[in-house]
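Chemist:
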Amino acid sequence: MTPWNENMRAYAVAQPNIALVKYWGKRDTGINLPAAGSLSLTLDSLWTKMSVEFADEAEFDTLSVNGVPNSTMLERVAACLDRLLGASRPKATVGSESNFPIAAGLASSSSAFAALVMAATRAAGLGGDTLSLARLAGASSGSAARSFYEGIVELTAGDREIDLHCVAGASEWPLRIVIAVTESGPKATGSGEAMIRSAATSPFYRTWLERQDADLDAARTAVTDQDFDRLADVAERNCLKMHSVMWTCRPPVVYWNGATLNAMETVRALRREGVPVFFTIDAGPQVKAVCLPAACDKVAARLGATEGVRQVIVSGLGSGARLLDQD
Ligand code: PMV
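First residue of the sequence shown? That's 34 in the numbering used here, and the numbers climb one at a time after it.
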């Protein structure tokens with residue numbers, strides 16, 4: 034039995050992260066072990082807050098997302114709690130609140146599962162250092178492990194488990210991220226399913242994995258040297274390689290829309306004008322432009338004026354998942 038917290042409840046917040054060297058593919062789907070390492074930016078202006086309350090007398094788990102009951106995500110949330118506490122755990126009331134669109138390629142699963150693991154382990158009175166909590170979260174959503182760390186984060190994938198560390202703190206190299214939202218509805222194919230399809234059917238999947246270590250080395254060195262152009266080069270190439278793997282699946286997985294392409298072209302045009310900015314795109318149609326602080330206003334204005342872009346969200350680099358006081 035776990036030494037339950039007195040009131041069996043806790044509250045936590047986590048920020049989503051976006052990868053510059055992507056996680057795309059699993060070594061072991063059973064334990065959700067990534068097939069290769071990744072490197073990401075933890076954001077500061079986007080957040081997910083999660084409250085978890087266990088009750089011995091409760092018959093079912095419940096989940097509400099932004100105040101509305103949500104059965105779609107409940108199964109994954111319950112599986113995560115089972116993994117943490119065993120299937121005979123008390124049932125939980127889970128409340129999630131995010132200040133950005135969820136399941137739309139804005140990395141909401143990274144912040145959601147990081148905050149869930151943080152709150153649930155505390156509610157259950159379980160200890161755990163940052164790395165063990167990150168590993169637990171990674172078993173539910175590979176990217177969630179990275180949201181336990183601030184700033185620029187590297188995840189390395191071993192044969193049986195992952196390791197993580199902060200490559201540069203949030204204030205060490207204060208990059209800015211401008212997110213061009215081109216569609217706020219949920220995506221048609223989840224990333225887990227798309228990864229499995231990629232491994233099974235894309236002729237490029239093996240080559241993609243073989244080259245991940247080289248991209249990771251290049252990106253880590255670029256961060257350590259604060260070499261923006263080298264980081265831009267490896268990040269854009271890595272993103273396009275990941276999407277090439279998806280496009281060559283059977284059936285293909287294409288997350289982009291017309292506005293995604295327009296936003297990419299805006300970023301390229303800014304680069305030609307000498308503005309330090311590059312793009313990355315995850316499992317969704319949103320374009321994330323990474324830039325140096327002095328370029329942020331210009332990048333936001335130009336992306337905001339790009340045809341099909343519905344909203345622009347600006348963020349700096351943020352902190353790792355943490356507990357919050359109860360209300
Ligand atoms: O953590 P998941 O299962 O939502 O997968 C994340 C996949 C990408 O966002 C596309 C890439 C990444 O490294 O975050």
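Even for Gly, the Cβ is constructed at its ideal location relative to N, Cα and C.
Which residue's Cα is closest to the Cα of leucine 336: Thr95, Ala322 and Ala327?
Modeler: Checked all of Thr95, Ala322 and Ala327; the closest Cα to leucine 336 is Ala322.
Chemist: Expressed to the nearest angstrom, what Euclidean distance is found between the alpha-carbon atoms of phenylalanine 146 and arginine 304?
Modeler: Roughly 35 angstroms between the two C-alpha positions.
Chemist: Indicate the three-state DSSP secondary structure (helix, strand or coil) for glutamate 243 in the structure shown.
Modeler: The answer is helix: DSSP assigns glutamate 243 an H, G or I state.
Chemist: Report the three-state DSSP secondary structure of tyrosine 238 (helix, strand or coil).
Modeler: The answer is helix: DSSP assigns tyrosine 238 an H, G or I state.
Chemist: Check whether the stretch 122–133 and the stretch 186–193 touch, using three or more Cβ-Cβ pairs below 8 angstroms as the test.
Modeler: The stretch 122–133 is not in contact with the stretch 186–193.
Chemist: Which value, in whole angstroms, describes the spacing of the CA atoms of alanine 153 and aspartate 115?
Modeler: Between alanine 153 and aspartate 115, the C-alpha separation is close to 11 angstroms.
Chemist: Using the three-state DSSP reduction, which class does valine 308 fall into: helix, strand or coil?
Modeler: Valine 308: coil per DSSP, three-state reduction.
Chemist: Straight-line CA distance for aspartate 162 to glycine 171?
Modeler: The alpha-carbon atoms of aspartate 162 and glycine 171 are separated by roughly 14 angstroms.
Chemist: Taking 7 angstroms as the line, does the beta carbon of lysine 220 fall inside it for any heavy atom of ligand 1?
Modeler: Lysine 220: no, Cβ never under 7 angstroms from ligand 1.
Chemist: Can you name the start and end residues of the beta strand (DSSP E) that threonine 75 belongs to?
Modeler: From DSSP, the beta strand (DSSP E) with threonine 75 extends over 71–75.
Chemist: Buried or exposed: which applies to histidine 198, given that a residue is buried once 16 or more other Cβ atoms fall within 10 Å of its Cβ?
Modeler: Histidine 198 is exposed by the Cβ-count criterion.
Chemist: Could you give the DSSP three-state label for methionine 41: helix, strand or coil?
Modeler: Three-state result, methionine 41: coil.
Chemist: Would you call the CB atoms of glutamate 216 and proline 318 closer than 8 angstroms?
Modeler: Their beta carbons are under 8 angstroms apart, which means glutamate 216 touches proline 318 by this criterion.
Chemist: Could you check whether the Cβ of glycine 225 sits closer than 7 angstroms to any heavy atom belonging to ligand 1?
Modeler: Correct: glycine 225 has its Cβ closer than 7 angstroms to ligand 1.
Chemist: Return the CA-CA distance between valine 54 and tryptophan 80, expressed in angstroms with no decimal places.
Modeler: About 22 angstroms.
Chemist: Which residues count as close to ligand 1 when the rule is a CB under 5 angstroms from any of its heavy atoms, in chain order?
Modeler: In chain order, the hits are Ala52, Lys55, Tyr56, Ser71, Ser142, Ser174, Gly175, Ser176, Ser224, Asp315 and Ala316.
Chemist: In chain order, what residues of the same chain have a beta carbon less than 6 angstroms from the beta carbon of glycine 70, not counting five sequence neighbours either side?
Modeler: Excluding positions up to five away in sequence, the list reads Leu188, Thr189, Ala190 and Leu249.
Chemist: Name the residue from Val320, Ile135, Ser348 and Gly349 whose alpha carbon lies nearest to the alpha carbon of threonine 339.
Modeler: Threonine 339 has its Cα closest to that of Val320, out of Val320, Ile135, Ser348 and Gly349.
Chemist: What is the rounded straight-line gap between the Cα of alanine 112 and the Cα of glycine 225?
Modeler: Each residue's Cα considered, the two are about 15 angstroms apart.
Chemist: Indicate the three-state DSSP secondary structure (helix, strand or coil) for serine 277 in the structure shown.
Modeler: DSSP places serine 277 in helix when its eight states are reduced to three.
Chemist: Mind listing, in chain order, the continuous alpha helix (DSSP H) runs of no fewer than 4 residues lying wholly within the stretch 191–266?
Modeler: Those alpha helix (DSSP H) runs which fall completely within the stretch 191–266 and span 4+ residues are 224–234, 238–243 and 245–257.
Chemist: Does the beta-carbon distance from proline 49 to serine 143 come in below 8 angstroms?
Modeler: Contact: yes.
Chemist: Within 10 angstroms of its Cβ, does isoleucine 64 collect 16 or more other Cβ (buried), or is it exposed?
Modeler: Isoleucine 64 comes out exposed.
Chemist: For a quick check, are the C-beta atoms of leucine 74 and leucine 273 less than 8 angstroms apart?
Modeler: For leucine 74 and leucine 273, no; Cβs fall outside 8 angstroms.
Chemist: Our contact map puts alanine 328 next to valine 310 with C-beta atoms below 8 angstroms; I'd like the distance itself, whole angstroms only.
Modeler: That belief holds up - the Cβ atoms of alanine 328 and valine 310 are roughly 6 angstroms apart, short of 8 angstroms.
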